[in-house]
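Chains as they are written, first to last, in the numbering used here: chain A, 10 to 164; chain B, 7 to 265.
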Amino acid sequence: MFKNEKEMTLGQETETVIAPSVRVEGDFVSEGNVRIEGHVTGSISTGSDLSVGQAAVINANVQARNAVLAGELHGNVRVFDRLELSATARIYGDIQAKVLSVAPGAMMRGQLVIGLEVPPVEKVEAAGHASEERPSSGLRARSLREKKIEEILQQ
Amino acid sequence: MYTYVYDTFVTDKKHERALSRVETRLTDLGISGRIERLTMFKNVREIVADAAGQGCETIVAVGNDETVGRLIDAVGEFDMAFGIVPVGEGPHGIASMLGIDECAEACNILSRRVLQTIDLGRINDHYFLSSVLIPRTRAAISCNGQYSVIPTEDNEIQVCNLAPMAVDAAGATTFSSPRDGFLETVFQPSSPRGIFSRLFRSAEPPPPATIVPVRTLRLKHHQPVTVIRDGQRLSSTTLDIEILPKKLRVITGKDRKFE
Chain A
10 MFKNEKEMTL GQETETVIAP SVRVEGDFVS EGNVRIEGHV TGSISTGSDL
60 SVGQAAVINA NVQARNAVLA GELHGNVRVF DRLELSATAR IYGDIQAKVL
110 SVAPGAMMRG QLVIGLEVPP VEKVEAAGHA SEERPSSGLR ARSLREKKIE
160 EILQQ
Chain B
7 MYTYVYDTFV TDKKHERALS RVETRLTDLG ISGRIERLTM FKNVREIVAD
57 AAGQGCETIV AVGNDETVGR LIDAVGEFDM AFGIVPVGEG PHGIASMLGI
107 DECAEACNIL SRRVLQTIDL GRINDHYFLS SVLIPRTRAA ISCNGQYSVI
157 PTEDNEIQVC NLAPMAVDAA GATTFSSPRD GFLETVFQPS SPRGIFSRLF
207 RSAEPPPPAT IVPVRTLRLK HHQPVTVIRD GQRLSSTTLD IEILPKKLRV
257 ITGKDRKFE
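Below you can see the structure in the form of structure tokens.
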């Protein structure tokens, strides 16, 4: 989408960037790389790579080819290839990924399915819908209990 | 057949020499054509429709970005190639994006007639080639009918089809591509208004921008919002912006800023 004056290359797509100065609500679909540093509510789907910054807060189900998560995410995560959780990541939801890498300090609460092929879904449900389907795990608003667990882990 | 549309300021005495050089060069190259002059009382759409009716295949804006903005609004309706000869004071950003930096060289570029089919933007009933600038706002922008981007502070929004965007950390400028079927939308947090804030913040890098490629945008506001479309002002309470892929054939130079 964007071309650099010095290095213009054919077909190169610029990543979508969600900065801290905006909030995104709804079903966010992209073909290219996505970097999130702000707030997103709804669902996120990209056929490429997803990067979630340390200050980002996401209340959404997420689907991506590869992902690096460093922020807070309330929702289910489907990654077809490699998922990397940084030390600052806090994930409240189920995770499906072919390969998972977790840095010391990362926090997860949900079911893990790792090492299997992850079939893509045509439409990623918004976080609220998924929680109705599967009330026992993931995609819930942050509860007091979760807050308490987080506090204990941080200690 | 070529039609050259001169902006009002082009016929000023100070541009006489440059214009004369252009006309001579066009004659030498065998691509001189009909000349139309924009005036306060001439309707641009009528000029373009008249040219199209007479079999004009190429229409050329002679002037700056504002000339292009006035002309492109009408050219979008017709099937004709579009060229630019930059004359007079700028801005000449659109010509530069097309690889046309100088008026004498512009004649050679017209003569070589390297055509690229590019996307065209539309805002309400108006076409735009370069960008639409929405001044500082916190209004929610609906994108592709699927999601909304809601600024949490004042943001200046630039919807780009063919425009320079931002300067990255390495100092290189990034450009939007007019051939990808997307409008690159940049939400840039506004600088503080106060003079002291501006003075003391001048050394700081600008806050990070949100960049979202979209096909359609909608902004609704309770009061009319004034935006700038290719140098032309437009006011409305509802702004519907969309991309029209592969809508326009433009004549470009080899130094154009897109593939």
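We put the CB at the ideal spot given by N, CA and C, even for glycine.
If you're wondering where the values come from, they're calculated on a predicted model, not measured in any experiment.
Exercise. So which residues on chain A does S137 (chain B) lean against when the C-beta distance must stay under 9 Å?
Worked result: Neighbours of S137 (chain B) across chain A, judged by C-beta separation under 9 Å, do not exist; the nearest C-beta is about 13 Å away.
Exercise. At a Cβ threshold of 8 Å, is R74 (chain A) touching chain B?
Worked result: So, not an interface residue.
For this session: Report the three-state DSSP secondary structure of A87 (chain B) (helix, strand or coil).
Result: A87 (chain B) sits in a strand when the DSSP states are folded into three classes.
Problem set entry | Top-ranked residue by Cα proximity to S57 (chain A), from A:R91, A:I100, A:G119 | Answer by Cα proximity: A:R91.
Problem set entry | Cβ pair V11 (chain B), V68 (chain B) closer than 8 Å | For V11 (chain B) and V68 (chain B), yes; Cβs fall inside 8 Å.
Problem set entry | Cβ shell of R143 (chain A) (< 7 Å), same chain only, five flanking positions each side left out | Interpretation of R143 (chain A) is limited by its pLDDT of 45, a score under 50 that renders its predicted location unreliable; no figure is taken from the coordinates.
For this session: Give the straight-line distance between the Cα atoms of D13 (chain B) and L240 (chain B), rounded to the nearest whole angstrom.
Result: The alpha-carbon atoms of D13 (chain B) and L240 (chain B) are separated by roughly 20 Å.
Exercise. Who are the Cβ neighbours of E141 (chain A) in its own chain at under 8 Å, not counting the five residues just before and after it?
Worked result: Confidence at E141 (chain A) is low in this model, with a pLDDT of 42, below 50, so the placement of that residue is unreliable and no value is reported for it.
Exercise. What did DSSP end up calling C166 (chain B) once you bin it into helix, strand or coil?
Worked result: C166 (chain B): strand per DSSP, three-state reduction.
Exercise. Sorted by chain position, which residues of the same chain lie with C-beta nearer than 6 Å to F15 (chain B)'s C-beta, five sequence neighbours on each side aside?
Worked result: Taking C-beta separations shorter than 6 Å and ignoring five residues to either side along the sequence, the partners of F15 (chain B) in its chain run G94, following chain order.
Problem set entry | Alpha-carbon spacing of A64 (chain A) relative to A110 (chain B), whole angstroms | If you take the alpha carbons of A64 (chain A) and A110 (chain B), they lie about 52 Å apart.
Problem set entry | Under 7 Å from the C-beta of G35 (chain A): neighbouring residues of chain B | Counting only Cβ-Cβ distances below 7 Å, G35 (chain A) has contacts in chain B at Q152, Y153, S154, in chain order.
Exercise. Which runs of the beta strand (DSSP E), 3 residues or longer, sit entirely within the region 61-128 of chain B?
Worked result: 64-69, 87-92, all fully within the region 61-128 of chain B.
For this session: Helix, strand or coil for S26 (chain B), going by three-state DSSP, please let me know.
Result: Note: S26 (chain B) maps to helix in three-state DSSP.
Problem set entry | Closer than 9 Å at the beta carbon, the chain A residues around A215 (chain B) | Correct list: V26, A28, S30.
For this session: Give the secondary structure of K20 (chain B) by DSSP, where H, G and I count as helix, E and B as strand, and everything else as coil.
Result: Reduced to three states, the DSSP call for K20 (chain B) is helix.
Problem set entry | Inter-residue Cα distance where the pair is S110 (chain A) and H48 (chain A) | One C-alpha to the other measures close to 24 Å.
For this session: Report the neighbours of E46 (chain A) on chain B: residues whose CB is nearer than 8 Å to its CB, in chain order.
Result: Residues of chain B whose Cβ lies closer than 8 Å to the Cβ of E46 (chain A) are, in chain order, P214.
Exercise. Based on the DSSP secondary-structure assignment, which residues constitute the bridge partners of V81 (chain A)?
Worked result: Residue identity check: residue 81 (chain A) is Glu in the sequence provided, not Val. Partner(s): A:V66, A:R99.
For this session: Give, in chain order, every residue of the region 158-169 of chain B whose Cβ lies closer than 8 Å to some Cβ of chain A.
Result: Within the region 158-169 of chain B, the qualifying residues are T158, E159, N161.
For this session: Identify which residue in B:I53, B:D131, B:R144 has its Cα closest to the Cα of Q229 (chain B).
Result: Per the C-alpha coordinates, the member of B:I53, B:D131, B:R144 positioned closest to Q229 (chain B) is B:R144.
Problem set entry | Rounded straight-line distance, which links the Cα of I217 (chain B) to that of V233 (chain B) | Going by the C-alpha atoms only, they are around 19 Å apart.
For this session: Report the three-state DSSP secondary structure of G35 (chain A) (helix, strand or coil).
Result: Strand at G35 (chain A).
For this session: From the DSSP output, in three-state form, read off R144 (chain B) for me.
Result: The three-state reading of DSSP puts R144 (chain B) in coil, since its state is none of H, G, I, E or B.
Exercise. From the DSSP output, which residues share a beta bridge with P157 (chain B)?
Worked result: Residue pairing by DSSP places P157 (chain B) opposite A:V31 in a beta bridge.
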